[in-house]
Amino acid sequence: MKAHIDFLAISDLQRVHEIEKSAYEDPWPLQSFIDLLSLDHFKHAAIYLEKSLIGYAFYQVASIEAQIVNIAIDPKYHGNGYGFLLLSKVHEEAKKLNASECFLELRISNQKAFSLYEKIGYKKIGRRIGYYDNGEDAWMMKCTL
Ligand SMILES: CC(C)(COP(=O)(O)OP(=O)(O)OC[C@H]1O[C@@H](n2cnc3c(N)ncnc32)[C@H](O)[C@@H]1OP(=O)(O)O)[C@@H](O)C(=O)NCCC(=O)NCCS
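Position one of the sequence shown corresponds to residue 8 (the working numbering), numbered consecutively onward.
(1) Helix, strand or coil: which one does DSSP assign to K72?
(2) Use the C-beta contact count for E32: other C-beta atoms within 10 angstroms, 16 or more gives buried, fewer gives exposed.
(3) Going by the CB atoms, is the gap between K50 and V68 shorter than 8 Å?
(4) Using the DSSP secondary-structure output, state which residues sit across from Y13 in a beta bridge.
(5) Compute the minimum distance between the beta carbon of H11 and the heavy atoms of ligand 1, and state whether it is under 7 Å.
(6) Between S107 and L44, how many whole angstroms is the CB-CB distance? I'm expecting something under 8 Å.
Here is the structure:
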């Protein structure tokens, strides 16, 4: 099935939250997505299969720096290249906004995401000790766009 990428609409947010709950142990509340969508400096992208939303990303661009704040694919569709496709599109859009670097953080135990980021060109630039609520550390990663 062919995937396509578009912006998110407010009517997508319930589905975004369902994916969020199935993709993360510590999901964001629905209100966080409602807030992000209303803020001009946050950008978003959604990936659809036919008309079904299967993943989303939120990011921001300030000067030459972009930062991914959330990206997830519905676990039913993991491992099919959709995460790669979505992140590639986010990079493309960030470049159009003059970003030349993109940053993100992830749990050091998140091997799937780490592999995706490495494959797309991210490098580790630091480690935040006890960054997450359960005390887990985060890798800080950077990609030159
Ligand atoms: C991280 C995530 C977005 C990847 O999405 P995806 O659609 O499964 O990723 P892709 O199919 O595009 O895979 C891209 C690369 O990721 C890695 N990857 C994907 N699934 C993997 C798995 N089960 N085990 C190890 N690496 C994996 C591989 O390097 C893969 O490249 P390859 O297929 O050439 O080997 C997805 O796993 C997800 O939503 N996870 C939960 C939320 C999350 O952790 N978000 C990131 C927080 S920082």
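Glycine residues also receive a C-beta, built at the ideal position from the N, C-alpha and C atoms.
With the given structure in hand:
(1) The question names Lys, but residue 72 is Glu in the sequence shown. Residue state, collapsed to three classes: strand.
(2) The Cβ neighbour count for E32, taken over all protein chains shown within 10 Å, is under 16; the residue is labelled exposed.
(3) Taking 8 Å as the Cβ cut-off, V68 and K50 qualify as a contacting pair.
(4) Note on residue identity: the sequence assigns Asp, not Tyr, to residue 13. Beta bridge pairing from DSSP links D13 with A53.
(5) Result no, Cβ not under 7 Å from ligand 1.
(6) Contact doesn't hold; Cβ gap of about 26 Å is too wide.
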